[in-house]
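What follows is one structure encoded as structure tokens, with my remarks underneath.
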Amino acid sequence: MSEKEELTRFGVSFPAQLIEQFDQYIIEQGYTNRSEAFRDLARRALLEPSRLRSDQVVAGTIVMVYDHHASELPSILTELQHNFHHSVISTMHVHLNHDQCLEVIAVRGKLSELRALHQQIQVLKGVVYAELSVTFVDEQGGSSHSHR
Ligand code: NI
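Just so we're aligned, residue 21 is where the sequence shown starts under our numbering, counting upward by one.
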């Protein structure tokens with residue numbers, strides 16, 4: 021959140037038991053106040069995949085675990101990522117044990133493209149797990165962002 025962003029206060033009514041459970045949840049999640057926890061929940065709800073348009077430009081990751089002994093799988097995965105080279109920013113590969121590899125692919129592009137890549141990965145034989153998570157990219161507001 022930018023420092024200039026204006027905050028609006030509003031009251032929320034909760035049943036006692038629900039707020040008790042919620043307070044326990046936010047402590048477990050490491051929040052120090054309810055407001056930040058509510059803001060994050062709201063942002064997460066707005067990023068529900070069903071709410072994003074497929075032509076929207078998003079950034080995110082595809083996290084996957086696969087068995088590198090599965091026939092041809094490593095080269096199929098490499099081929100696939102080359103086919104989507106406009107969407108793939110970077111890949112991190114971790115050798116989990118003798119058989120399994122963890123791969124994290126940073127992606128950016130139209131949601132439809134990223135979903136296509138994810139779907140093609142998850143159906144491959146030997147891929148035990150593949151998950152796409154994305155966050156919305158504001159293309160107009162992008163230029164005002166800076167790192168110190
Ligand atoms: Ni490996």
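Even for Gly, the Cβ is constructed at its ideal location relative to N, Cα and C.
Measuring alpha carbon to alpha carbon, tell me which of the options ends up nearest residue i.
i      : options                         : result
GLU133 : SER107, VAL32, PHE42 and PHE34  : SER107
ILE109 : GLY129, TYR45, ALA36 and LYS145 : GLY129
HIS89  : GLN49, LEU144, ARG64 and ALA36  : LEU144
Below 6 Å CB to CB, which residues in the same chain sit around residue i once its five sequence neighbours on both sides are set aside?
i      : result
SER164 : Unreliable positioning characterises SER164 in this predicted model, as indicated by a pLDDT of 49, which lies under 50. A coordinate reading is not provided.
PHE104 : LEU137
Exposed or buried, which one is residue i when buried takes at least 16 other CB atoms within 10 Å?
i      : result
LEU152 : buried
LYS24  : exposed
LEU137 : buried
MET112 : exposed
PHE34  : exposed
LEU131 : buried
GLU92  : exposed
ILE47  : exposed
ALA150 : buried
TYR86  : buried
Is residue i near residue j, with beta carbons less than 9 Å apart?
i     : j     : result
ASP43 : ARG54 : yes
Note down, in chain order, each residue of its chain lying with its Cβ closer than 7 Å to the Cβ of residue i, except the 5 sequence neighbours on either side.
i     : result
ARG29 : none
Please go through the same chain and pick out, in chain order, the residues whose beta-carbon is closer than 8 Å to the beta-carbon of residue i, but skip the five residues on each side of it.
i      : result
GLN140 : LEU100
ILE39  : none
List the endpoints of the continuous alpha helix (DSSP H) containing residue i.
i      : result
SER153 : No alpha helix (DSSP H) contains SER153, which is instead part of the beta strand (DSSP E) from 147–156.
Over the uninterrupted beta strand (DSSP E) stretch that includes residue i, give me the two end residues.
i     : result
SER95 : Per DSSP, SER95 belongs to no beta strand (DSSP E); it is in the alpha helix (DSSP H), 93–103.
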